[in-house]
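Asks: I'd like to ask some things about the structure below.
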Amino acid sequence: MQLNKIVHFHKTIGDKTRIQIIALLKDGPLHGQAIAGKLGLTPPTISYHLTKLKEIDVIYQRRDKNTIYFHLNEKQLTFMAEAIIRIGGESEMDEYYVDEKEKYKVIQNFFAQDGSLKSIPAQRKKKLVVLEHLIKGLQKGKIYHEKEINDYIKQFHEDFATIRREFVMYGFMTRQGGEYELNPEELWLIY
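Structure below.
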């Protein structure tokens, strides 16, 4: 993990209001007005702090009709908070980190000119890049039936069952009763 990323995380978290927002969201998702009311601050002030917390992936948002709810990304919060302890040693998550240049190279190697997937990588690091690339064509917030997901994957590779299963296994999608939905990027198990 890059030292600059750890420093940026701690600088962003190092604010009384942001820590209070995190503490509130530990009990469950809230909308901006509720957070403002509980902390006695104006909605624009809360919006500013929520944006800062979203930048470091500590919170994510989901829309429910006309209301946006903010959720705590506890996994990311824990990972980043513990990162300082791991300095000097490579963590399991760092082993799978891929920068943009590496991602481009993996995509060039595993995808044909027509966009089809030549093969599913055996190496987890490369497989995560391929899955992330494949998932980009799906819409956030849309519920897909299993047949729709299968048809989508078949455009790229014949082994739709394996890829569909790995979408779920690596947190890209949630499956419930034969229906699939794209997860927020904060829940993807890629870094």
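Letter 174 of the sequence shown, counting from 1, is numbered 174 in full-length UniProt numbering, and no numbers are missing.
Glycine included, each C-beta is placed from N, C-alpha and C at the ideal position.
Does the distance from the C-beta atom of residue 171 to that of residue 152 stay below 8 Å?
Replies: As a working note, residue 171 is residue 171 in the sequence shown. As a working note, residue 152 is residue 152 in the sequence shown. Cβ distance not < 8 Å, so residue 171 and residue 152 don't count as in contact.
Asks: Using 8 Å as the cut-off, can you tell me whether the segment 36-45 makes contact with the segment 142-156, which would need three or more C-beta pairs spanning the two stretches below that distance?
Replies: In short, these stretches do not touch, since the Cβ pair count stays below three.
Asks: Is DSSP giving residue 191 helix, strand or coil here?
Replies: Stepping through the sequence shown from its first residue, residue 191 is reached at position 191. Bear in mind that a pLDDT of 47 at residue 191, under 50, signals an unreliable position, so the model cannot answer this.
Asks: Which residue comes first and which comes last in the beta strand (DSSP E) that contains residue 42?
Replies: Working through the sequence shown from its first residue, we reach residue 42 at position 42. No beta strand (DSSP E) contains residue 42, which DSSP labels as neither H nor E.
Asks: Taking contact to mean at least 3 C-beta pairs separated by less than 8 Å, is the segment 13-29 in contact with the segment 70-79?
Replies: Because the criterion of three Cβ pairs below 8 Å is met, the segment 13-29 and the segment 70-79 touch.
Asks: What does the Cβ neighbour count give for residue 90, buried or exposed, with the cut at 16 atoms within 10 Å?
Replies: Within the sequence shown, the letter at position 90 stands for residue 90. Unreliable placement is indicated for residue 90, whose pLDDT of 46 sits below 50; no coordinate value is reported for it.
Asks: Considering only the beta carbon of each residue, do residue 166 and residue 131 sit closer than 8 Å?
Replies: Numbered from its first residue, the sequence shown carries residue 166 at position 166. Numbered from its first residue, the sequence shown carries residue 131 at position 131. Yes, they are a contact pair.
Asks: By the three-class DSSP mapping on this structure, what secondary structure does residue 198 have?
Replies: Only positions 1 to 191 of the chain appear in the structure, and residue 198 is not among them; the question remains open.
Asks: Return the CA-CA distance between residue 61 and residue 14, expressed in angstroms with no decimal places.
Replies: By 1-based counting over the sequence shown, the position of residue 61 is 61. By 1-based counting over the sequence shown, the position of residue 14 is 14. Each residue's Cα considered, the two are about 21 Å apart.
Asks: If you drop the 5 nearest sequence neighbours on each side, which residues of the same chain put their C-beta closer than 8 Å to that of residue 6?
Replies: Locating residue 6 in the sequence shown gives position 6, where the first residue counts as 1. Once the five neighbours on either side are set aside, the close Cβ partners of residue 6 are 80, 83, 84 and 87.
Asks: Measure the alpha-carbon distance for residue 183 versus residue 173 and round it to whole angstroms.
Replies: Working through the sequence shown from its first residue, we reach residue 183 at position 183. Working through the sequence shown from its first residue, we reach residue 173 at position 173. Their backbone Cα atoms lie some 5 Å apart in a straight line.
Asks: If you follow the beta strand (DSSP E) that residue 110 is in, where does it begin and where does it stop?
Replies: Here the question's residue 110 lines up with position 110 in the sequence shown. Element bounds for residue 110: not the beta strand (DSSP E) but the alpha helix (DSSP H), 100-110.
Asks: For residue 106 and residue 34, what's the separation of their Cα atoms in angstroms?
Replies: Here residue 106 refers to the residue found at position 106 of the sequence shown. Here residue 34 refers to the residue found at position 34 of the sequence shown. When rounded, the distance between both Cα atoms is 44 Å.
Asks: Apart from the five residues just before and just after residue 30, which ones in its own chain have a Cβ nearer than 7 Å to its Cβ?
Replies: Taking the first residue of the sequence shown as 1, we reach residue 30 at position 30. For residue 30, where only same-chain residues beyond five positions count, the Cβ hits under 7 Å are 24, 69 and 70.
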